[in-house]
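Take a look at the structure set out below.
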Amino acid sequence: MGQGSADDASWLVWIAPPHEPYAPALAQQGIELGRLLVVRPASAMEALWAAEQALGSGVCAAVLLWLKGTDDRWLRRLKLAAEAGGALGVLFRPGRHRFESSPANLRVLMTQGERAAHIDLLKVQGGRPGPVDLGGA
Amino acid sequence: MKLRAKSRTADLFAAPEPAARLEPPAAQCPAEQRPAPPRPVQTGGMPQIAGRTRTRQLWYAVVFPELSDAAHSAVVLQRLCLHAQTFTSFVSSEPPNALLLEIKGSLKLFGSLERLHAGIDACWRRLALPANSATAPSVLAALWLARAGHPAQIEDLGTLPGQLAQLPIACTAWDVERLQTLRAMGVTRLGELLRLPRAGLARRLGVAAAQELDIALGRQFAPRRAFVPRERFRARWDAETEIENAAYLEKALEPLIARCAQFLRERQAGVQALRLKLRHRTGPATQLHLGLASITGERCRLLDVLIQKLGRLELRAPVRSMELISGSLQPLSAVSLDVFAGLTGTGGRDTAPQLVERLRARLGEEAVYGVASIAEHRPEAAWRRVHELSLAAVRRVSEQRNDQGSGDGMPRPVWLLDAPLPLPDDLILEQGPERIESGWWDGRGVARDYYVARQHSGARQAAGAKLWVFQERQSKRWYLHGMFA
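Chains as they are written, first to last, in my numbering: chain A, 1 to 137; chain B, 1001 to 1485.
Shown next, in the form of structure tokens:
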């Protein structure tokens, strides 16, 4: 969470976050609030469009998008936009999408364990997928 | 008295307000009065001490005793300024009920001061507006004479003290307290006031009052804000045939936008709002309102936003003509030019305001916002949405961040619920309590103990998730208020 604010000339865009992002917490995490943009689209279609615009704009360091589901075609478009704009795109989806294919470079499954989060790397372009030990954080 | 000038640097004092320009007819500009930023063309830092080529000025002051209602008079004064501009280019309004005209440059045109003075007076008579006017070589002297109802026409600075001496002190419009101090001292006329030792005067009445006396006597000059009429861009385009397709409208819009951008460039101004009116053969016109994230005069940005908006529009009926109307013109200051230059990526194709505008044009104004934290104990009141993108907001927020950086011991959750949810009490408390008790004064008081907690694994959802919960101290009930990511 704490990354993304390091680049001095870039914005952070959160699209359709599940709850209201809480400004004091973000400030605690070191996110520069002045460069954070929250977008609340009315539909998934608009969310995807907004993500594509933000990714391709060249002013964003990272674009975080929360969605219930998408199709492959849109994922490809987002990937192209991210490459064109030089931005990091992160899409949060429910765990049930884990078996679908995706053009993303990195796919991560996060599950909540008894005491800590588990992370499984589902796909790593040019690397080896597998579980990650977070060291009980 | 020496008022020789080095250069005319009027534009250095351009005020940031939309409809006002400050001209410094002054050898001295008190710094505390005018912290105006320079215009972009002059890349100086601080406003410099302004000089003036004309060695003397002549001020015509007019007071309208019937204008007393402050809200109404502001509008009337604006209109009267327009009338006054027939006589001189430099008109300044003095709320609530006076106008000041610098008429030195107009003397030659009108032949003599008497004729000019009579000409301006006749203007008010035609408007059936009772007016007291006076002319003097200093701004305040003219204003004070007019307020006192002395229709004097003084051109010579030397006779000024004698002319002012008979005026009652009330004509200065100083506050009641000052005037009472003076009356207690036995001072009722300006002449008596001028005879008092200056140092003692400054001590008793304040430096500002002593300075005003200097200004009235022409020993010191005061810069004035010039009246600038409100301008808007307005252009109309009539279709040869009725247009049903929005794509054709876009084509027709391009030249209109180009003219608007040209108009703005000539005035070194920008707009923050635009209106497009589409007229149909029958029925009311379709109005499109556009808000921009920052002041701009750039053709591409204006066009970009309008086309986005047009793209979403469903035409009710074919369009016969359209009209583009700009919002009020705002000066493009150095600040508004540079704000986002530093914030955008170096090789980026867009700027941040452009992105925001594009998103807003399609998703709606309210759907795109920033967040800022506020120094406030109640968690739900410690943040707010920020809708305008401005450097000031960015700064304010980042300063706040620095303030908060180290102080808070207890963590805050990334997600805050709109309203706290009641919780069963099978929680594992991990951190806390942090007592928050605040807000009793505005009726939304809270008295809570906050904890960082985890839910038992048996729970249906969010098992093991890190939660931000609180126990209300009165009811002893538990609520969920946020979640850690």
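Glycine residues also receive a C-beta, built at the ideal position from the N, C-alpha and C atoms.
Since the model is a prediction, treat every value here as computed from it, not as a measurement.
- Taking a Cβ-Cβ threshold of 7 angstroms, the residues of chain A close to B/Y1369 are V38, in chain order.
- Out of B/P1318, B/F1221, B/P1161, B/L1292, the CA that lies nearest to the CA of B/Q1308 is found in B/L1292.
- Among the residues facing chain B, A/P18 is included, as its CB has a counterpart in that chain under 9 angstroms away.
- Residue environment: A/P21 is assigned as buried (16 or more neighbouring CB atoms within 10 Å of its CB, all protein chains considered).
- Taking the beta carbon of B/A1239 as reference, no residue of chain A falls within 9 angstroms; the closest one sits roughly 31 angstroms away.
- Taking C-beta atoms as the reference points, B/L1429 and B/L1480 fail to come closer than 9 angstroms.
- As computed with DSSP, B/Y1450 is found in a beta bridge with B/E1434, B/F1470.
- Against chain B, the CB of A/A54 has a partner CB under 9 angstroms away; the residue lies at that interface.
- Exclusion of the five residues before and after B/W1383 leaves V1371, A1372, S1373, I1374, L1416 as the residues of its chain whose Cβ lies within less than 8 angstroms of its Cβ.
- Using a 10 angstroms sphere on the CB of A/E46, the tally of other CB atoms reaches 16 or more, which defines it as buried.
- For the stretch 1142-1201 of chain B, the continuous alpha helix (DSSP H) assignments of 4+ residues that do not extend past its boundaries occur at 1160-1165, 1176-1184, 1190-1195, in sequence order.
- Against chain B, the beta carbon of A/S102 has no neighbour under 9 angstroms; the closest one sits roughly 22 angstroms away.
- Around B/E1244, the same chain offers P1318 as residues with beta carbons nearer than 6 angstroms, after the five sequence neighbours per side are excluded.
- Taken through DSSP and simplified to helix, strand or coil, B/F1110 comes out as helix.
- About 6 angstroms separates the Cβ atoms of B/Q1057 and B/E1102, confirming a contact at the 8 angstroms cut-off.
- Contact of B/T1172 with chain A is not assigned, every C-beta pair being separated by 9 angstroms or more.
- Chain-ordered, the chain B residues with CB closer than 8 angstroms to the CB of A/E46 read R1362, L1363.
- B/G1111 and B/W1124 have their alpha carbons spaced roughly 20 angstroms apart.
- The bridge partners DSSP lists for B/E1094 are B/A1098.
- Among the residues facing chain A, B/P1433 is not included, as its CB has no counterpart in that chain under 9 angstroms away.
- Look at A/Q29: its C-beta is under 9 angstroms from a C-beta on chain B.
- Using a Cβ-Cβ distance cut-off of 8 angstroms, the stretch 1274-1284 of chain B and the stretch 1311-1328 of chain B are in contact, since at least three pairs of beta carbons, one from each stretch, lie closer than that value.
- For B/A1148 and A/R35, the gap between their C-alpha atoms comes out near 56 angstroms.
- B/V1414 reaches chain A at M1, P21, Y22, A25, L26, Q29, counting residues in chain order whose Cβ is nearer than 8 angstroms.
- Among the residues of chain A, those whose CB is under 7 angstroms from the CB of B/T1351 are V59, following chain order.
- Looking at the backbone, the Cα of A/H118 and that of A/L109 are separated by about 8 angstroms.
- Under the three-pair Cβ rule at 8 angstroms, the stretch 1122-1137 of chain B counts as touching the stretch 1058-1077 of chain B.
- Using a Cβ-Cβ distance cut-off of 8 angstroms, the stretch 1164-1178 of chain B and the stretch 1135-1144 of chain B are in contact, since at least three pairs of beta carbons, one from each stretch, lie closer than that value.
- B/M1410 carries a coil assignment under DSSP once its states are collapsed to helix, strand and coil.
- Within chain A, the residues placing a beta-carbon under 7 angstroms from that of B/R1358 are Q53, ordered along the chain.
- For B/D1069, no chain A residue has a C-beta closer than 8 angstroms to its own C-beta; the minimum C-beta separation is roughly 42 angstroms.
- Secondary structure at B/L1429: strand, using DSSP grouped into helix, strand and coil.
- The beta carbon of B/I1374 falls within 9 angstroms of a beta carbon belonging to chain A, placing the residue at that interface.
- A/R107 and B/R1378 have their C-alpha atoms some 38 angstroms from each other.
- Straight through space, the alpha carbons of B/P1411 and A/L26 are spaced by roughly 10 angstroms.
- Note: B/I1243 is bridge-paired with B/V1319 in the DSSP secondary-structure output.
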